[in-house]
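Heads up, our numbering is the position in the sequence shown plus 4, with the first residue counted as 1.
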Amino acid sequence: MDLILAILIFSMDVQLFNHHQQALLHEALYVTYGDYSIEDWIPCTGGTAHTHAFKTRVNDRFEVIARWIDPQRTHTLRQQERVCTQRAGDMDIGPSVLYHDAEDHLMLIECLDGTPLTLEILHTPSQMIALAHQLHIWHASAQHALRPVPNLQSRIQHLLSQLKHPDQLCQPADQLLAYAHHHQQHLDEHPQLQPCHMDPNPANVIQCTDGQLKLIDWSESGLGHPYIDIAMIAQYLPRSLHQHWLNLMTGHQIKPEHLIQFKAANQLLVIQCHIWALHQAELLLDTTAPARVETPLDHPEGLLKLQKRWLDGAFNTQDPREYLALSAHLARNIDLTSFK
5 MDLILAILIF SMDVQLFNHH QQALLHEALY VTYGDYSIED WIPCTGGTAH
55 THAFKTRVND RFEVIARWID PQRTHTLRQQ ERVCTQRAGD MDIGPSVLYH
105 DAEDHLMLIE CLDGTPLTLE ILHTPSQMIA LAHQLHIWHA SAQHALRPVP
155 NLQSRIQHLL SQLKHPDQLC QPADQLLAYA HHHQQHLDEH PQLQPCHMDP
205 NPANVIQCTD GQLKLIDWSE SGLGHPYIDI AMIAQYLPRS LHQHWLNLMT
255 GHQIKPEHLI QFKAANQLLV IQCHIWALHQ AELLLDTTAP ARVETPLDHP
305 EGLLKLQKRW LDGAFNTQDP REYLALSAHL ARNIDLTSFK
């Protein structure tokens, strides 16, 4: 099939694809399927990719998704999304990547046969816990050769701004701090940055017809500590499952009266993991940096000095150790309503 014929086939979709995209699609479909016929392109809805992903049926047999990666993104970020998607497919935790072009503008992705958990989460929330277990296995076996996420600093600020219930953080909760300490101790068990989905909400989780759970839409993927994904999954669990979640993930018991603090404390751990990733990224560029980030869990006596520096406006927002210290300190003593 030549390019002229391919453009005629795509003529019904001129409003969807420009000439350059039509040429890329023709090459992708021809390389993947040989001579091909297609049905109409249907925009995929949901998430942030509804205007950048379209599905069709090829040769009356194969459903496939064409994912356009935003050309305004740098090649590094486009490559990062593609590689994370590929690795997820290789580990059978996401759809398979069937084709990608050299500049990572286009991916052809397997169209999964299943149902988003959005429609079932009220009935089967335990599936999210099963997904966390799959992610844990994946991260434990993953090999890494990606570059660091360049915008972790803004992500941290965004996460801090999402803490909308500071009153839930001001009461001491020794068991929650023990929970935090458990994960803080394990940060150094992962000396390298790991690919993370970064948005594992139920709408991005497909329960396939064979019962498998897979993550779709890796447009927000980046590098970080694997607990980021696992902690974010916990944000979507009903309170009735928080006790089960804590027992499963940490082995720690928690008093029922402290469950209301779980989600907020969990978000603080996400922040700590982001800071760890930021520090690890710096280590890739600076071999003279310290081997690990010390935290207030190592030196509790430093909390009073930190609080005074923060209140005096001398808090160093560029120092990952400062952020780590603040995030742990916030969980016990600081009213977040005054933090901007």
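Each residue gets a CB set at the ideal place from its N, CA and C atoms; glycine is no exception.
- Beta bridge pairing from DSSP links residue 70 with 58, 112.
- Residue 40: not part of any alpha helix (DSSP H); DSSP gives it neither H nor E.
- A contact between stretches requires three or more CB pairs, one per stretch, nearer than 8 Å, and the stretch 32-44 meets this requirement with the stretch 98-111.
- In the DSSP annotation of this structure, the continuous segment of the alpha helix (DSSP H) that includes residue 79 starts and ends at 79-94.
- Between the alpha carbons of residue 107 and residue 79 lies a gap of roughly 7 Å.
- Under the DSSP definition of a beta bridge, residue 219 partners with 209.
- Taking a contact as a CB-CB distance under 8 Å, the pair residue 69 and residue 219 does not count as one, their CB atoms being some 14 Å apart.
- Sixteen is the threshold: since fewer than 16 other Cβ atoms of the shown chains lie within 10 Å of the Cβ of residue 141, the residue is exposed.
- With a cutoff of 8 Å on beta-carbon distance, residue 138 and residue 227 are scored as not near each other.
- Cβ contact annotation for residue 134 (same chain, cutoff 7 Å, sequence separation greater than five): 217, in chain order.
- Straight-line spacing of the CA atoms in residue 130 and residue 114 works out to 26 Å.
- Using a Cβ distance threshold of 8 Å, residue 202 and residue 232 count as a contacting pair.
- Rounded to whole angstroms, the gap between the alpha carbons of residue 88 and residue 143 is 12 Å.
- CA-CA distance, residue 109 to residue 94, rounds to 20 Å.
- Around the beta carbon of residue 22, fewer than 16 other beta carbons sit within 10 angstroms, so the residue counts as exposed.
- Excluding the 5 residues flanking it on each side, residue 85 has same chain C-beta neighbours closer than 7 Å at 73, 222, 223, 225, in chain order.
- In the structure shown, residue 34 falls within a helical segment according to DSSP collapsed to helix, strand and coil.
- One Cα belongs to residue 63, the other to residue 236, and the distance between them is close to 39 Å.
- Residue 240 places its beta carbon less than 8 Å from that of residue 132.
- Between the alpha carbons of residue 92 and residue 120 lies a gap of roughly 17 Å.
- Collapsing the DSSP output to three states places residue 104 in a strand.
- It is roughly 20 Å from the alpha-carbon of residue 82 to the alpha-carbon of residue 59.
- In the displayed model, residue 237 falls within a helix according to three-state DSSP.
- Taking each of 57, 199, 77, 210 in turn and checking the Cα distance to residue 90, the smallest one comes out for 199.
- Closest in C-alpha terms to residue 47, from the list 56, 212, 41, comes 56.
- Counting only residues of its own chain and dropping the five nearest sequence neighbours on each side, residue 122 has a CB closer than 7 Å to the CB of 206, 207.
- In this model, residue 210 and residue 27 are separated by some 31 Å (Cα to Cα).
- By the Cβ-count criterion, residue 24 is exposed, with fewer than 16 other Cβ atoms from all chains shown falling within 10 Å of its own Cβ.
- Residue 117 and residue 20 have their C-alpha atoms spaced approximately 24 Å apart.
- Shown here, residue 46 sits in a strand according to DSSP, grouped into three states.
- A distance below 6 Å between beta-carbons, with the five flanking residues on each side excluded, links residue 42 to the following residues of its chain, in chain order: 60, 62.
- By the criterion of a C-beta distance shorter than 7 Å, residue 45 is surrounded in its chain by 17, 20, 58, 60, once the five residues flanking it on both sides are discounted.
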